[in-house]
Amino acid sequence: MDDQRKRTIIAEIENWRRNHLLPEHYCIFLLNLYTEGERPASPSSPVKQGKSGKEAVMTQSGSAWGKGNAADTGYAYVRREVSPVTGKMVMAWLLGALVIAGLILLAFHFNRFQTPMQIAIFACFALVFYILAFALRRSAPPLTHLFLGLCFVILVAGGIYIIQKLDGSVALILMYLGLLCVLLCASAFVFGFTYLLYCGMLGLALIYGVATTERVGEAYSWWKAELYWVPMACMLTGVGFMMHQANPKWAGVFAMCGLLCFFGAEIQSLYIPEAQRDLIQLLLFIKVFLASAFFFLTRGYWYAWLRL
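When we follow the working numbering, the leftmost residue of the sequence shown carries the number -7, and every step to the right adds one.
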């Protein structure tokens, strides 16, 4: 094999090794094979240093890539020193243990508390999780998502539990959930997470559908059901298109929610006994065709919104 071809093959193997296209020991084996064990250690061999300067990548091999034997390969490993136990670490563990113990105690004795005390407990936990999510939104985004989820789960479950315990009506539950959806929408702009706006707006749409089902069912007609949903869908989609230049991040949320609300009348009609199923299917087919044509004609916007 001529030298030029051998150099090309060696360079390609080095590229595989740098980009992790093959396992490390395979690349070393191939390099030893094509260099006959005479190749010196590559300057691009990883030498990593941690924040404390005590982490290094150690290479265990024969001399100069296992000279004389292609089977003598190197293996990299990272040596980490265990952090010493500090007072802050002990306090963090103790605080975590106390919080877990307190949660277990509350879970076992929660029903013994009076209703105002239960409301205060739910409110305190939700507020603490929300504040933690806000405080960690830049330094620890995964914890922010976790705390936001815990906050709203507590608000939803705890609020419904308290309202049912006080013999509240369905209308009161819907009003409470509507306020939470508004809080979700506001939190989306505070934290910058689009999924919060999706949850808030779709939650409001579901509450709207539940609240208007009985009224739509009185003297039901398909055009009456469409009047409850199509104008709202057109309004949301229009807001999305108008916001495209100024803020495409939120514009996509409005447009997508508007497109989903476009099918709200048919979904709501499924829960109305007077609605004809054949007519619902026909309307769904027509709307799917119209939505597909609209999506195709405005695909430049949707590709940017959906990041396609």
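Backbone N, C-alpha and C fix where the C-beta goes; we use that ideal spot for every residue, glycine too. Since the structure is predicted, the reported quantities are computational estimates derived from the model, not experimental observations.
Do TYR187 and THR204 come within 9 Å of each other at the CB atom, strictly closer than that value? The residue labelled residue 204 in the question sits at position 212 within the sequence shown. The residue labelled residue 187 in the question sits at position 195 within the sequence shown. No. Outside cutoff.
Leaving aside the five residues before and after LYS43 along the sequence, list all residues of the same chain whose C-beta is less than 7 Å from its C-beta, in chain order. Residue numbering aside, residue 43 sits at position 51 when the sequence shown is read from its first letter. Its pLDDT being 43, under 50, LYS43 is placed unreliably in this model, and the value from its coordinates should be taken loosely. Excluding sequence neighbours, LYS43 sits near nothing in its chain.
HIS12 by DSSP, collapsed to three states: which one? Working through the sequence shown from its first residue, we reach residue 12 at position 20. Note: HIS12 maps to coil in three-state DSSP.
How big is the Cα-Cα spacing for VAL174 and LEU95? Reading the sequence shown from its first residue, position 182 is the one you call residue 174. Reading the sequence shown from its first residue, position 103 is the one you call residue 95. The alpha-carbon atoms of VAL174 and LEU95 are separated by roughly 29 Å.
Is the separation between the beta-carbon of GLY250 and that of GLY230 shorter than 9 Å? Here residue 250 refers to the residue found at position 258 of the sequence shown. Here residue 230 refers to the residue found at position 238 of the sequence shown. Going by C-beta atoms, GLY250 is nearer than 9 Å to GLY230.
Can you tell me whether DSSP reads ASP(-5) as helix, strand or coil? Position 3 of the sequence shown holds residue -5. In this structure, ASP(-5) counts as helix in the three-state DSSP scheme.
Taking the CB atoms as reference points, tell me whether MET224 and CYS253 lie closer together than 9 Å. The residue labelled residue 224 in the question sits at position 232 within the sequence shown. The residue labelled residue 253 in the question sits at position 261 within the sequence shown. The answer is yes: Cβ separation under 9 Å.
Every unbroken alpha helix (DSSP H) inside the segment 109 to 160 [4 residues or more]: 133 to 157
For the alpha helix (DSSP H) that contains ARG291, what are its first and last residues? Against the sequence shown, residue 291 aligns to sequence position 299. ARG291 -> alpha helix (DSSP H) spans 291 to 298.
Where does GLN237 fall in DSSP's three states? One-based indexing of the sequence shown puts residue 237 at position 245. If DSSP states are grouped into helix, strand and coil, GLN237 belongs with coil.
Using three-state DSSP, classify LEU189 as helix, strand or coil. Stepping through the sequence shown from its first residue, residue 189 is reached at position 197. Residue state, collapsed to three classes: helix.
What is the DSSP secondary structure of PRO223, counted as helix, strand or coil? On the sequence shown, residue 223 is found 231 positions in, with the first residue counted as 1. Correct three-state label for PRO223: helix.
C-alpha distance - GLY151 paired with THR290, whole-angstrom precision: As a working mapping, residue 151 is identified with position 159 in the sequence shown. As a working mapping, residue 290 is identified with position 298 in the sequence shown. Taking the straight line joining both Cα atoms gives about 42 Å.
If the criterion is Cβ atoms closer than 9 Å, does the pair ILE272 and LEU262 meet it? Working through the sequence shown from its first residue, we reach residue 272 at position 280. Working through the sequence shown from its first residue, we reach residue 262 at position 270. Cβ distance < 9 Å, so ILE272 and LEU262 count as in contact.
By a C-beta neighbour count over all protein chains shown, 10 Å radius and 16 as the cutoff for buried, is THR0 buried or exposed? Residue 0 sits at position 8 when you count from the first residue of the sequence shown. Exposed: under 16 other Cβ atoms inside 10 Å.
Is it buried or exposed, GLU258, if we count other Cβ atoms within 10 angstroms and call 16 or more buried? Numbered from its first residue, the sequence shown carries residue 258 at position 266. Buried, because 16 or more other Cβ atoms sit within 10 Å of the Cβ of GLU258.
Validate contact between the segment 143 to 162 and the segment 112 to 122 using beta carbons, cut 8 Å, 3 pairs: yes
When you compare each of PHE183, CYS191, TYR190 to SER131 by their alpha carbons, which one comes out closest? Your numbering for residue 131 matches position 139 in the sequence shown. Of the candidates PHE183, CYS191, TYR190, the one whose C-alpha sits nearest the C-alpha of SER131 is PHE183.
Under 9 Å between C-beta atoms of GLY141 and LEU169: Walking along the sequence shown from the start, residue 141 turns up at place 149. Walking along the sequence shown from the start, residue 169 turns up at place 177. For GLY141 and LEU169, no; Cβs fall outside 9 Å.
Which residues in the same chain as LYS241 place their Cβ atom closer than 6 Å to its Cβ, once the five residues preceding and following it in sequence are excluded? Translated into the one-based positions of the sequence shown, residue 241 becomes position 249. Hits under 6 Å: none found.
When DSSP labels each residue in this structure, what does LEU257 get in the three-state scheme? Numbered from 1 along the sequence shown, position 265 holds the residue referred to as residue 257. With the sequence shown as reference, residue 257 is identified as Ala, and Leu is not the correct amino acid for it. In the structure shown, ALA257 sits in a helix (DSSP, three-state: H, G or I).
Closest to TYR301 by C-alpha separation, out of PRO265, GLN(-4), PHE233, PHE102, would be which residue? The chain is shown from -7 up to 300; residue 301 falls before or after that span and cannot be answered.
Own chain partners of ALA267 with C-beta closer than 7 Å, once the 5 adjacent residues on each side are dropped: The count along the sequence shown starts at 1 and reaches residue 267 at position 275. Only TYR212, SER261 meet the Cβ criterion.
Using the C-alpha atoms, what's the distance from THR136 back to LEU128? The residue you call residue 128 lines up with position 136 of the sequence shown. The residue you call residue 136 lines up with position 144 of the sequence shown. The alpha-carbon atoms of LEU128 and THR136 are separated by roughly 6 Å.
Please state whether DSSP places SER213 in a helix, a strand or coil. For the purposes of this step, residue 213 is taken as the residue at position 221 of the sequence shown. Of the three classes helix, strand and coil, the one that applies to SER213 here is coil, per DSSP.
Backbone CA spacing between MET248 and ALA163 [nearest angstrom]: In the sequence shown, the residue the question calls residue 248 occupies position 256. In the sequence shown, the residue the question calls residue 163 occupies position 171. Whole-angstrom Cα-Cα distance: 28 Å.
Could you give the DSSP three-state label for ILE264: helix, strand or coil? Taking the first residue of the sequence shown as 1, we reach residue 264 at position 272. Three-state result, ILE264: coil.
Can the beta-carbon of ILE2 be found less than 9 Å from the beta-carbon of TYR18? On the sequence shown, position 10 is the one that residue 2 refers to. On the sequence shown, position 26 is the one that residue 18 refers to. Not closer than 9 Å, so no.
Measure the C-alpha to C-alpha separation of LEU22 and ILE5 and round it to an integer number of angstroms. For the purposes of this step, residue 22 is identified with residue 30 of the sequence shown, where counting begins at 1. For the purposes of this step, residue 5 is identified with residue 13 of the sequence shown, where counting begins at 1. Their backbone Cα atoms lie some 7 Å apart in a straight line.
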